[in-house]
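Terminal number for the sequence shown in the UniProt record's numbering: 507, no gaps in between.
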Amino acid sequence: MTNTTFTVEELLRLPVMQDAKVVAGFQGTVNEVRCVDIMEIPDVRGWLRQGEFVLTTGYSFRGNPQGLSAIIEEMHKVGGAAVGFKPKRFLQATPPDAIALSNQYGIPLIEIPPHIPYIEITQPIMERILNTQLAMMRKVYDIHSRFVNLLATKRGQELLNVLGQLLGCEAALLTSSGEVQIRTAGFSVEDVKTIRNICVDNMVLAHVALTRLLGAADVFESMCLDQVVGLLSLELTARDAGLVHSKRAREEFLTELLTGALNMEGILVQRANQLEFPRGASRVVMIIEPLDGAGGDSVQTDMVQWINQSERNRFVAAPLGEHVAVLYAFSDAPTVQQHRAAVQVAHELRRKLEEQFHAPVRVAIGEARQQLRELRNSYDEARRTLDVSKKVRPDQRVVHWTDFYVEDMMLAIGAHPTLRRLYATLIAPIYQYDVENGTDLLHTLDVYLKYGGNTKQVAAELFIHRNSVHYRLERIQDLLGGDLNNPEMLFRLNLSLRAWKLGLGRG
């Protein structure tokens, strides 16, 4: 794997490191450097990572010369790359124990001139690390394109030969029962060290066998193997045309997308095209929930079947838990138009489902995504939107993720003490008054905030005279001792009322 790893030896060739000196652990200069960090804490357990180059002044263990040895011990446990330290500031001399451990574990101990700022060291190192990773990804992309071309032209034997060359071993494709289908010239079953299953729908269809072991350091080789396994799973799936184009395959693939079981975009796109998924520049996930448990599991199953049959060219649907997940694709359109189109399509789909099944439903929509592997995020947004909408807007049948940014942020913050204070001063007085007097002031305030202070719209929604609205608002002002025309007061009321609906800050 030349040109795709950045080693300690190469790190020492950087101009900023020209005056640095390796004092121990010389054999570890071949260690790969994957990250760089500065450690100035006494106990580094749990903070170190594989391939890490750690910098320290020794300040945290200035009174404890064994501190440097402790760092080397922890570096050995996690597979660290090297330790750089500035001598003669807090460490007057390099501790002999640290030198011995460095030599024992092959973790280079590097003296760095005290006058060099850390930023001048970390910046070029990070640039080299990122450039190295970019080079590897470009190579992986080129190899992936080659693999796809070989598989598309039915050259499975050549694909295995290329895999064997890249991994430096022999390789073979085995049937599910272990029989050799195709193999490289020197392959022998007795020499097999690694077997990777090729699965479709949780069923093992075949195996890829290698005559070498792959370790944690074999990142590039593992990525090549993953690509071959993924492409062969597609090929084996495509052999059964009935399975590829069946409703069940479409539903299961959608479930895999939304639960995050697959990550390689190229493979996902190929499989989506084979299954005739709706195509577009971006896609969005919607969740449909029958209201009040209407029809139970049967109506959910019937809805999935109806969508996949009647609207096959526009949607893909699958049952997920208590909901129906639906995938919809957009043409190339600006984000604002996509939002409007998604809401319009959701209203249309809701109307058709309610007419077909005579059951009310609620539809929640996530944000659109361009890549298939990101659809799990759109699904998660739709689920959270559904949960929040039941508390905040229970009467709204179609809800979009962007409608609940504030609520989602508040749920992430949780029951903050400030929310409890806002509740005690702004919501509790109105709520208590309603309980004691049988009034509806809190709901009136909610509608007033909803329409931005337009009392005419408030009166229309509450089916009361406009004068009654003004009377209720005056009563609210008396209870709160504030002015509802004050923007700051309105903001605090809006925030605390939203938190109250979410069950936050109720004390």
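Ideal Cβ placement from N, Cα and C applies to all residues, glycine included.
_Assuming Y379 is part of the alpha helix (DSSP H), what are its boundary residues?_
In the sequence shown, residue 379 corresponds to position 379, counting from 1. According to the DSSP assignment, Y379 belongs to the alpha helix (DSSP H) that extends over 375 to 392.
*Would you mind giving the Cβ-Cβ distance between A20 and L68, rounded to the nearest angstrom? I have them listed as a contact below 8 angstroms.*
As a first step, residue 20 is located in the sequence shown; it is residue number 20 there, counting from the start. As a first step, residue 68 is located in the sequence shown; it is residue number 68 there, counting from the start. In fact, because the Cβ distance is near 16 angstroms, the residues do not count as touching under 8 angstroms.
_For C224, list the residues DSSP reports as bridge partners._
On the sequence shown, residue 224 is found 224 positions in, with the first residue counted as 1. In the DSSP assignment, no residue is bridged to C224.
_Going by beta-carbon coordinates alone, are F53 and G84 separated by less than 8 angstroms?_
Start at 1 with the first residue of the sequence shown, and residue 53 comes out as number 53. Start at 1 with the first residue of the sequence shown, and residue 84 comes out as number 84. Against a cut-off of 8 angstroms, the Cβ pair of G84 and F53 comes out as a contact.
*K193: which of E179, V208, G25, E289 sits nearest, CA to CA?*
Along the sequence shown, read from residue 1 onward, the residue named residue 193 stands at position 193. Closest option to K193, Cα to Cα, is V208.
*List in chain order: all unbroken beta strand (DSSP E) runs of 3+ residues lying wholly within the region 182 to 215.*
The region 182 to 215 contains these whole beta strand (DSSP E) runs: 194 to 200, 203 to 210.
_Taking 8 angstroms as the cut-off, does the region 45 to 60 touch the region 139 to 148 (at least 3 CB pairs, one atom from each stretch)?_
Taking 8 angstroms as the limit for Cβ pairs, the verdict is that the region 45 to 60 does not touch the region 139 to 148.
*Which two residues bound the contiguous alpha helix (DSSP H) that contains H76?*
For the purposes of this step, residue 76 is identified with residue 76 of the sequence shown, where counting begins at 1. Element bounds for H76: 66 to 78.
_Where I267 falls: helix, strand or coil (DSSP)_ = In the sequence shown, the residue the question calls residue 267 occupies position 267. In the structure shown, I267 adopts helical secondary structure according to DSSP, grouped into three states.
*A382 versus E311, V447, R475, L258, residue with shortest Cα-Cα distance*: Taking the first residue of the sequence shown as 1, we reach residue 382 at position 382. Answer by Cα proximity: L258.
*Rounded Cβ spacing between L210 and L174 (contact assumed at less than 8 angstroms)*: As a first step, residue 210 is located in the sequence shown; it is residue number 210 there, counting from the start. As a first step, residue 174 is located in the sequence shown; it is residue number 174 there, counting from the start. That pair is no contact at about 11 angstroms.
*Can you check whether the CB of L353 is closer than 8 angstroms to the CB of V361?*
The residue labelled residue 361 in the question sits at position 361 within the sequence shown. The residue labelled residue 353 in the question sits at position 353 within the sequence shown. Yes, these two residues count as a Cβ contact at 8 angstroms.
*Of the residues V345, L12, Q66, K86, which one's Cα is nearest the Cα of I38?*
Taking the sequence shown and counting its residues from 1, one reaches residue 38 at position 38. Taking only the C-alpha atoms, the option nearest I38 is K86.
*Alpha carbon of I427 to alpha carbon of F491, nearest angstrom*: In the sequence shown, the residue the question calls residue 427 occupies position 427. In the sequence shown, the residue the question calls residue 491 occupies position 491. For I427 and F491, the distance between alpha carbons rounds to 13 angstroms.
*asked:* Based on DSSP bridge pairs, tell me the residues matched to S282.
replied: As a working note, residue 282 is residue 282 in the sequence shown. Listed as beta-bridge partners of S282 by DSSP are F330.
*Separation of L134 from R279, as counted between CA atoms*: As a working note, residue 279 is residue 279 in the sequence shown. As a working note, residue 134 is residue 134 in the sequence shown. R279 and L134: Cα-Cα distance of roughly 30 angstroms.
*From Y105, Q18, N437, pick the residue whose C-alpha is nearest to that of I116; which is it?*
Within the sequence shown, residue 116 is the residue found at index 116, counting from 1. With distances taken between Cα atoms, I116 lies closest to Q18.
_Bridge partners - H470, DSSP secondary structure assignment_ = The residue given as residue 470 occupies position 470 in the sequence shown. DSSP, once it has assigned bridges, lists no residue as partnering H470.
*In its own chain, which residues sit with a C-beta less than 6 angstroms from the C-beta of N466, not counting the 5 before and 5 after it?*
Within the sequence shown, the letter at position 466 stands for residue 466. Just to set this straight, residue 466 is Arg in the shown sequence, not Asn. Closer than 6 angstroms at the Cβ level, and outside the excluded window around R466, lie T455, A459.
_Per-residue DSSP class, three states only, for residue 513_ = No statement about residue 513 is possible, as the shown extent of the chain runs from 1 to 507 and does not include it.
*How would you write the range of the alpha helix (DSSP H) that K86 sits in, first residue to last?*
Translated into positions along the sequence shown, residue 86 becomes position 86. The continuous stretches of alpha helix (DSSP H) do not include K86, and DSSP gives it neither H nor E.
*Residue span of the beta strand (DSSP E) that contains I38, given as start and end*: Residue numbering aside, residue 38 sits at position 38 when the sequence shown is read from its first letter. Residues 35 to 38.
_Classification of Y328 by the beta-carbon crowding that lies within 10 angstroms, buried from 16 upward_ = Sequence index remark: in the sequence shown, residue 328 carries index 328 (1-based). So Y328 counts as buried.
*Taking 8 angstroms as the cut-off, decide whether the C-beta atoms of R34 and I110 are in contact.*
Locating residue 34 in the sequence shown gives position 34, where the first residue counts as 1. Locating residue 110 in the sequence shown gives position 110, where the first residue counts as 1. Between R34 and I110, the gap from beta carbon to beta carbon reaches 8 angstroms or more.
*Express the C-alpha separation of L236 and V244 in angstroms, rounding to a whole number.*
Start at 1 with the first residue of the sequence shown, and residue 244 comes out as number 244. Start at 1 with the first residue of the sequence shown, and residue 236 comes out as number 236. Unreliable positioning characterises V244 in this predicted model, as indicated by a pLDDT of 44, which lies under 50. A coordinate reading is not provided.
*Entirely within the UniProt domain "PucR C-terminal helix-turn-helix" (441 to 499) and at least 4 residues each: give me those alpha helix (DSSP H) ranges in chain order.*
Runs found: 441 to 450, 455 to 462, 466 to 480.
*Could you give the distance in angstroms between the alpha-carbon of I413 and the alpha-carbon of F6?*
The residue you call residue 413 lines up with position 413 of the sequence shown. The residue you call residue 6 lines up with position 6 of the sequence shown. Computed Cα separation, rounded: 40 angstroms.
*Looking at C-alpha atoms only, which residue of C169, K77, L372 is the closest neighbour of L48?*
Indexing the sequence shown from 1 puts residue 48 at position 48. Of C169, K77, L372, the smallest CA-CA separation from L48 is found for K77.
*asked:* Please classify P487 as buried or exposed, where buried requires at least 16 other C-beta atoms within 10 Å of its C-beta.
replied: The sequence position of residue 487 within the sequence shown is 487, counting from 1. Residue burial is scored here from C-beta neighbours: P487 has fewer than 16 other C-beta atoms within 10 angstroms and is therefore classed as exposed.
*Just the C-alpha distance for G503 and V299, rounded to the nearest angstrom, thanks.*
Walking along the sequence shown from the start, residue 503 turns up at place 503. Walking along the sequence shown from the start, residue 299 turns up at place 299. Our two residues, G503 and V299, have alpha carbons roughly 31 angstroms apart in a direct line.
*asked:* Closer than 8 angstroms is the cut-off here; do at least three beta carbon pairs connect the region 369 to 384 with the region 279 to 289?
replied: Yes: the two stretches touch, three or more of their Cβ pairs being nearer than 8 angstroms.
*Rounded to whole angstroms, how far is the Cβ of A318 from the Cβ of L422, which I believe are closer than 8 angstroms?*
What you label residue 318 is simply residue 318 of the sequence shown in a count that begins at 1. What you label residue 422 is simply residue 422 of the sequence shown in a count that begins at 1. L422 and A318 do not touch by the CB rule: their CB atoms are close to 42 angstroms apart, not below 8 angstroms.
*Length of the line joining the Cα atoms of D387 and A281*: In the sequence shown, residue 387 corresponds to position 387, counting from 1. In the sequence shown, residue 281 corresponds to position 281, counting from 1. Here the alpha carbons of A281 and D387 stand approximately 28 angstroms from one another.
*Proximity below 8 angstroms, CB of L449 to CB of L493*: The count along the sequence shown starts at 1 and reaches residue 449 at position 449. The count along the sequence shown starts at 1 and reaches residue 493 at position 493. Their beta carbons are under 8 angstroms apart, which means L449 touches L493 by this criterion.
*Kindly indicate which three-state DSSP category H400 falls into: helix, strand or coil?*
Within the sequence shown, numbered from 1, the residue matching residue 400 stands at position 400. Here H400 sits in strand by DSSP.
*Would you list the one or two residues that DSSP bridges to F53?*
The count along the sequence shown starts at 1 and reaches residue 53 at position 53. According to DSSP, which records beta bridges pairwise, F53 is partnered with V36, A82.
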